[in-house]
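What follows is a set of notes on a single structure, which appears directly below.
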Amino acid sequence: MIEQSGIDAGDDTATNAPEDLAREAATDADQQAVSDTEEAAAAKVDSELKQILCDVLGLDADDVADFDEDTGLFGHLPELDSMAVAGLLTEMEDRLDIIIEDEDVDGEMLETYGGLLGFAQTKVAEG
Amino acid sequence: MISQWTCTRKKGAASSELALQFDGDAAFAEKKLLILPAIFDEANKMRRQTMLLMRELNAAGLASALPDLPGMNESLQPLSSQSLTQWRADAVLAAEQLGATHVLAIRGGALIAPTSLPGWHYAPASGARLLRNMLRSRILASKEAGREESTAQLGEMGRKDGIELAGWQFGAKMFGELQDAEPETSDQHSIIAQSDLGGAGLWLRAEAGDDMAQVKALAALITNTLMPT
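Chains A and B, in that order, are what the protein sequence lines are.
Heads up, the first sequence is in my numbering, so the first residue is 1 and it goes up one at a time.
Heads up, the second sequence is in my numbering, so the first residue is 1001 and it goes up one at a time.
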């Protein structure tokens, strides 16, 4: 912006100022929009993942709505055996449009809701 | 009613297989629905739902038949010597013997549904999708037991020698066919998506369950077409 003021040397800085301000505002708005989009995307993954858990565990949305970072999954919920976890991961692939590699799957990622959500959000963000 | 049908093949002896049948209402006797159920792990998840559907159709007057194909369910034939190609031929034979006029294929059942009969594919699944789930289940179970296995390694084993996945023994031919199998559709078949029924597919459930609202929605889609009032 300073450079531009220099290039437009004959101009009154007062006339440039509003443009600069507008540009600045636009940049801020862009950044805000980007962060809003990221937040919205992360929230979307959260709600989609909860829906998948509802469908796999046969629970009501209300029960799963209370899942937080520390809610235990694999090893904590008896119905989540290896076949059910496989189904969960495969359904995540289909609904979130991601690919889960063998090496992505580890105990930490599956142990808590927070672990699984963080994994899914990273995968989705990577596109 | 549980009846029997005889599966004859070009090679090997004929096998006697069971079929679950509902007679429906004599007034609609000219129509009968062949049901090709979900297969492998999903068969267990969908069994009760499929049964409830047959009862619901019967109550509406529509006859239906659910045959075991060799290697499925109560069949005495080993799964490891079956293939999708063979099952497709068996399904045509079962349809003829059981007098089916229409077909409803559920999930992986769509991979072996006769294209000669009009009907529906409910939430058809590709062979690759079914395999992916079972391979992943085996890898997870092995990991828990302290063994490292990979999809690539198991895939190679499956294609070469056959493989056991989630308790199902697949021969090399079945495994290889599943990798590429897609539901066969024709102009005669309509697809019923899960979203048409509402709720989530019961095959996703960690523990098998049932959903009467979905049963009624699915039965209504079929009877509205086959039994216009």
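All C-beta atoms, glycine included, are put in the ideal place defined by N, C-alpha and C.
In this structure Lys-1031 of chain B is in contact with Leu-1062 of chain B, their Cβ atoms being roughly 6 Å apart against a cut-off of 8 Å. Under the 7 Å criterion on CB atoms, Ala-120 of chain A is classed as non-interfacial with respect to chain B.
Cβ-Cβ distances below 7 Å link Leu-1053 of chain B to Val-1215, Leu-1218 and Ala-1219 in the same chain, with the five nearest sequence neighbours on each side left out; the list follows chain order.
Using a CB distance below 9 Å, the part of the stretch 30-58 of chain A facing chain B consists of Gln-51, Ile-52, Cys-54, Asp-55, Val-56, Leu-57 and Gly-58, ordered along the chain. The stretch 84-93 of chain A makes contact with the stretch 1131-1143 of chain B; the number of CB pairs closer than 8 Å reaches 3 or more. Looking at the backbone, the Cα of Leu-73 of chain A and that of Ser-82 of chain A are separated by about 12 Å. At the C-beta level, Arg-1107 of chain B and Ala-1181 of chain B stay beyond 7 Å of one another. Interface criterion met: the Cβ of Met-83 of chain A is under 7 Å from a Cβ in chain B. Along the stretch 1089-1122 of chain B, there is no position whose C-beta sits under 7 Å from a C-beta of chain A. The beta carbon of Ile-99 of chain A sits closer than 7 Å to those of Glu-93, all from its chain and outside the five residues before and after it, given in chain order.
The C-beta distance from Met-1174 of chain B to Gln-1082 of chain B rounds to 6 Å, short enough to meet the 8 Å contact threshold. Taking a C-beta cut-off of 8 Å against chain A, the contacting residues of the stretch 1039-1065 of chain B are Asp-1041, listed in chain order. Minimum Cα-Cα distance from Ile-1035 of chain B among the listed residues B:Thr-1085, B:Leu-1111, B:Thr-1006 and B:Asp-1025 corresponds to B:Leu-1111.
Taking a contact to require three or more Cβ pairs closer than 8 Å, the stretch 1201-1211 of chain B and the stretch 1041-1057 of chain B qualify as touching. Contacts with chain A (Cβ-Cβ distance below 7 Å) from the stretch 1138-1156 of chain B involve Ile-1139, Leu-1140, Ala-1141, Glu-1144, Ser-1150 and Thr-1151, listed in chain order. Within 10 angstroms of the beta-carbon of Gly-1109 of chain B lie 16 or more other beta-carbons, which makes it buried. Excluding the 5 residues flanking it on each side, Glu-108 of chain A has same chain C-beta neighbours closer than 8 Å at Gly-115, in chain order. The count of Cβ pairs closer than 8 Å, one atom from the stretch 1163-1179 of chain B and one from the stretch 1091-1100 of chain B, stays below three, leaving the stretches out of contact. Between the alpha carbons of Asp-1187 of chain B and Gly-1176 of chain B lies a distance of about 27 Å. Residue environment: Pro-1070 of chain B is assigned as buried (16 or more neighbouring CB atoms within 10 Å of its CB, all protein chains considered). In the same chain as Gln-1021 of chain B, and ignoring 5 residues on each side of it, the C-beta atoms closer than 8 Å to its own belong to Met-1001, Ile-1002, Ser-1003, Ala-1063, Ser-1064, Ala-1065, Leu-1066 and Leu-1098, in chain order. Secondary structure at Gly-1167 of chain B: coil, using DSSP grouped into helix, strand and coil. Judged by beta-carbon spacing, Ser-1190 of chain B lies within the 7 Å limit of Trp-1120 of chain B, meaning their Cβ atoms are closer than that value. Counted as a single uninterrupted DSSP element, the alpha helix (DSSP H) harbouring Glu-91 of chain A occupies residues 82-96. Between Gly-58 of chain A and Gly-1209 of chain B, the gap from beta carbon to beta carbon is short of 7 Å. With the criterion set as a beta carbon lying under 7 Å from some beta carbon of chain A, the members of the stretch 1195-1223 of chain B are Ala-1200, Leu-1204, Arg-1205, Ala-1206, Glu-1207 and Gly-1209, in sequence order. Short of 7 Å from the beta carbon of Arg-1159 of chain B, and not among the five residues preceding or following it, lie these beta carbons of its own chain, in chain order: Ala-1172, Phe-1175 and Gly-1176. For Leu-1034 of chain B, the enclosing beta strand (DSSP E) begins and ends at 1032-1036. In this structure Glu-1017 of chain B is buried. Its beta-carbon is surrounded by 16 or more other beta-carbon atoms within 10 angstroms. At a cut-off of 7 Å between C-beta atoms, Ala-1181 of chain B does not count as an interface residue with respect to chain A. Residues of the stretch 82-104 of chain A whose Cβ lies closer than 7 Å to any Cβ of chain B, in chain order: Ser-82, Met-83, Ala-84, Val-85, Ala-86, Gly-87, Leu-89, Thr-90, Glu-91 and Asp-102. Just measuring C-alpha positions, the residue of B:Ser-1126, B:Met-1212 and B:Gly-1199 sitting nearest Val-56 of chain A is B:Gly-1199.
In chain order, Ala-86, Leu-89 and Thr-90 make up the part of chain A whose C-beta sits under 7 Å from the C-beta of Arg-1136 of chain B. Judged by DSSP secondary structure, Thr-1006 of chain B falls within the beta strand (DSSP E) whose first and last residues are 1002-1007. Beta-carbon to beta-carbon, Glu-48 of chain A and Arg-95 of chain A are separated by about 6 Å, close enough to satisfy the 8 Å threshold. In terms of Cβ geometry, Trp-1005 of chain B and Ala-1014 of chain B do not form a close pair [threshold 7 Å].
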